[in-house]
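**Q**
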Amino acid sequence: MTTQPSTDDPVAWCRSRLLVPGHPLAITLPYAPPEHADAIVALSAVVGEIAAVPGDVSDPEVAQRKLVWWRQALDDQLPHPAVQAWLQSGAAEHARAPDFEPLIEAVATEIAPPRFERVEALDLHCRELAGPGALLEARLMNAGAAPGAAEADALAGLAASGYRIRIVRDLVLDARQDRWLVPLELQAEYQLTRQHVAAGEGGRRLDALVRHMAGDAMVEIERHRQALPAQQAWRHRHFLLRVELDRRIGRKLLAKPARIARERVAPGKTGDAVAVWRRARALRKAARKNFGGS
Numbered sequence: 645m646t647t648q649p650s651t652d653d654p655v656a657w658c659r660s661r662l663l664v665p666g667h668p669l670a671i672t673l674p675y676a677p678p679e680h681a682d683a684i685v686a687l688s689a690v691v692g693e694i695a696a697v698p699g700d701v702s703d704p705e706v707a708q709r710k711l712v713w714w715r716q717a718l719d720d721q722l723p724h725p726a727v728q729a730w731l732q733s734g735a736a737e738h739a740r741a742p743d744f745e746p747l748i749e750a751v752a753t754e755i756a757p758p759r760f761e762r763v764e765a766l767d768l769h770c771r772e773l774a775g776p777g778a779l780l781e782a783r784l785m786n787a788g789a790a791p792g793a794a795e796a797d798a799l800a801g802l803a804a805s806g807y808r809i810r811i812v813r814d815l816v817l818d819a820r821q822d823r824w825l826v827p828l829e830l831q832a833e834y835q836l837t838r839q840h841v842a843a844g845e846g847g848r849r850l851d852a853l854v855r856h857m858a859g860d861a862m863v864e865i866e867r868h869r870q871a872l873p874a875q876q877a878w879r880h881r882h883f884l885l886r887v888e889l890d891r892r893i894g895r896k897l898l899a900k901p902a903r904i905a906r907e908r909v910a911p912g913k914t915g916d917a918v919a920v921w922r923r924a925r926a927l928r929k930a931a932r933k934n935f936g937g938s
């Protein structure tokens, strides 16, 4: 399998790809613990490369082989710049190669676009796909230890809810590319199909569906945020700030659902940066009040 060329500074390679306008990491990374910043960038690069396989490769067999290659690349520490950054940044000391297996297995289910009958099946899919990345970052923050059951459930639930919002944001774009993750029960409730949306015929039915799906995800974000004690929330603040950006997208979709037919809502505006700053300040204040965090 052909790799991307290595560089003398693999962490810089990752930063050049991720710390760009419009990427969430460009807004949230300044709030991460400085000693973990490079590891977070490297980990995000590896997770992003693996997660992108189904979208980057149209042939299912080639996509499967590429995921096999990524498993080998992590196991054998092959000279891909993202893998080398994972090693050199210290991320590999806490998020080890076997810890990526749930992510690789979940991404494999995306190679053939999945279909869901019920909302619960979509929710589970989102948790399986988005949860591993959150738990890998949690290992960095926990010095290599896996988060406890309640902590892991909250983090995976937050990741899944944020991913659900991004699915809603991309409904029109995905429909035009023959990808349709809306469960059959919601299609029946709103009398809306992929063909309707792809053809621009969603109208008020699409607006109502967007509000339903985004609203449910917003409720779940709040529920899982409340489940994290203040000390844990502060320790995982970088991840929570990433979720805050998803929440911001959700608020925009609830206010103007029709905008998904015209644009792809993404973070990067001044208001998003201010909201992240305010959220970080609130997390720090709660940690100081309840646990004496610094």
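Reading the sequence shown from the start, the letters are residues 645 to 938 in my numbering. Built from N, CA and C at the ideal position, the CB exists for glycine as well.
Have a look at residue 681 and residue 652 and give me their C-alpha separation to the nearest angstrom.
**A** Taking the first residue of the sequence shown as position 1, residue 681 is located at position 37. Taking the first residue of the sequence shown as position 1, residue 652 is located at position 8. If you take the alpha carbons of residue 681 and residue 652, they lie about 19 Å apart.
**Q** With a threshold of 16 other CB atoms inside 10 Å of the CB of residue 650, please say whether the residue is buried or exposed.
**A** What you label residue 650 is simply residue 6 of the sequence shown in a count that begins at 1. Its pLDDT being 44, under 50, residue 650 is placed unreliably by the model, and the measurement read from it follows with that caveat. Under this definition residue 650 is an exposed residue.
**Q** Give the range of the alpha helix (DSSP H) segment to which residue 900 is assigned.
**A** For the purposes of this step, residue 900 is identified with residue 256 of the sequence shown, where counting begins at 1. Unbroken run through residue 900: none, as it is neither H nor E.
**Q** Identify every run of the alpha helix (DSSP H) within the region 745 to 807, keeping only runs that are complete inside it and at least 4 residues long; order them along the chain.
**A** DSSP runs (the alpha helix (DSSP H)) wholly in the region 745 to 807: 745 to 752, 763 to 785.
**Q** My output table needs one value for residue 709: the three-state DSSP class, helix, strand or coil.
**A** Position 65 of the sequence shown holds residue 709. DSSP places residue 709 in helix when its eight states are reduced to three.
**Q** Leaving out the 5 sequence neighbours to the left and right, which residues in its chain are closer than 6 Å to residue 929 when beta-carbon positions are compared?
**A** Against the sequence shown, residue 929 aligns to sequence position 285. None.
**Q** Between residue 879 and the rest of its own chain, which residues show a CB-CB distance below 8 Å, the 5 nearest in sequence each way excluded?
**A** Taking the sequence shown and counting its residues from 1, the one referred to as residue 879 is at position 235. The answer, listed in chain order, is 785, 786.
**Q** Take residue 876 as the anchor and find which of 797, 667, 776 has the nearest alpha-carbon.
**A** Against the sequence shown, residue 876 aligns to sequence position 232. Comparing Cα positions, the closest option is 797.
**Q** Return the CA-CA distance between residue 622 and residue 835, expressed in angstroms with no decimal places.
**A** The shown model of the chain, from 645 to 938, leaves out residue 622, and the question about it has no answer.
**Q** Please tell me whether residue 671 and residue 815 are closer than 7 Å, where the distance is taken between their beta carbons.
**A** Position 27 of the sequence shown, counted from the start, is the residue given in the question as residue 671. Position 171 of the sequence shown, counted from the start, is the residue given in the question as residue 815. No, they are not a contact pair.
**Q** Using three-state DSSP, classify residue 667 as helix, strand or coil.
**A** Walking along the sequence shown from the start, residue 667 turns up at place 23. Residue state, collapsed to three classes: coil.
**Q** Can we say the region 655 to 675 touches the region 912 to 930, given the rule of at least three CB pairs closer than 8 Å?
**A** Verdict: yes, contact present.
**Q** Exposed or buried, which one is residue 702 when buried takes at least 16 other CB atoms within 10 Å?
**A** For this step, residue 702 is matched to residue 58 along the sequence shown. It is exposed - the Cβ of residue 702 has fewer than 16 other Cβ atoms within 10 Å.
**Q** Using 8 Å as the cut-off, can you tell me whether the region 884 to 893 makes contact with the region 806 to 820, which would need three or more C-beta pairs spanning the two stretches below that distance?
**A** Yes, since at least three Cβ pairs between the region 884 to 893 and the region 806 to 820 fall closer than 8 Å, the two stretches touch.
**Q** Ends of the alpha helix (DSSP H) at residue 725?
**A** Here the question's residue 725 lines up with position 81 in the sequence shown. Here the alpha helix (DSSP H) through residue 725 covers 725 to 732.
**Q** Looking only at its own chain, which residues have a Cβ that is under 7 Å from the Cβ of residue 732, when we skip the five neighbours before and after it?
**A** The count along the sequence shown starts at 1 and reaches residue 732 at position 88. Excluding residues within five positions, the ones whose Cβ falls inside 7 Å are 654, 655.
**Q** So the candidates are 802, 906, 699; which of them puts its Cα closest to the Cα of residue 963?
**A** Residue 963 lies beyond the range of the chain shown here (645 to 938); nothing can be said about it.
**Q** Have a look at residue 910 and residue 828 and give me their C-alpha separation to the nearest angstrom.
**A** Here residue 910 is taken as the residue at index 266 of the sequence shown, counted from 1. Here residue 828 is taken as the residue at index 184 of the sequence shown, counted from 1. Distance between the alpha carbons of residue 910 and residue 828 is about 27 Å.
**Q** Between residue 687 and residue 934, what straight-line distance do the alpha-carbon atoms span, to the nearest angstrom?
**A** Working through the sequence shown from its first residue, we reach residue 687 at position 43. Working through the sequence shown from its first residue, we reach residue 934 at position 290. Their Cα atoms are separated by approximately 30 Å.
**Q** What does the alpha-carbon distance come out to for the pair residue 779 and residue 737?
**A** Counted from its first residue, the sequence shown places residue 779 at position 135. Counted from its first residue, the sequence shown places residue 737 at position 93. Rounded to whole angstroms, residue 779 to residue 737 spans 15 Å at the Cα level.
**Q** Just tell me which of 696, 830, 886 has its CA closest to the CA of residue 799.
**A** On the sequence shown, residue 799 is found 155 positions in, with the first residue counted as 1. When each option's Cα is compared against that of residue 799, the closest is 886.
**Q** State the Cα-Cα distance for the pair residue 858 and residue 766, rounded to the nearest angstrom.
**A** Along the sequence shown, one-based indexing puts residue 858 at 214. Along the sequence shown, one-based indexing puts residue 766 at 122. About 13 Å.
**Q** Using the beta-carbon count (16 or more within 10 Å), is residue 777 buried or exposed?
**A** Within the sequence shown, residue 777 is the residue found at index 133, counting from 1. Buried.
**Q** DSSP on residue 909, reduced to helix/strand/coil?
**A** The residue labelled residue 909 in the question sits at position 265 within the sequence shown. Looking at residue 909 - three-state DSSP - the assignment turns out to be coil, as it is neither helix nor strand.
**Q** Helix, strand or coil for residue 825, going by three-state DSSP, please let me know.
**A** By one-based count along the sequence shown, residue 825 stands at place 181. Three-state result, residue 825: coil.
**Q** Express the C-alpha separation of residue 794 and residue 908 in angstroms, rounding to a whole number.
**A** Within the sequence shown, the letter at position 264 stands for residue 908. Within the sequence shown, the letter at position 150 stands for residue 794. Spanning the two alpha carbons is a distance of roughly 34 Å.
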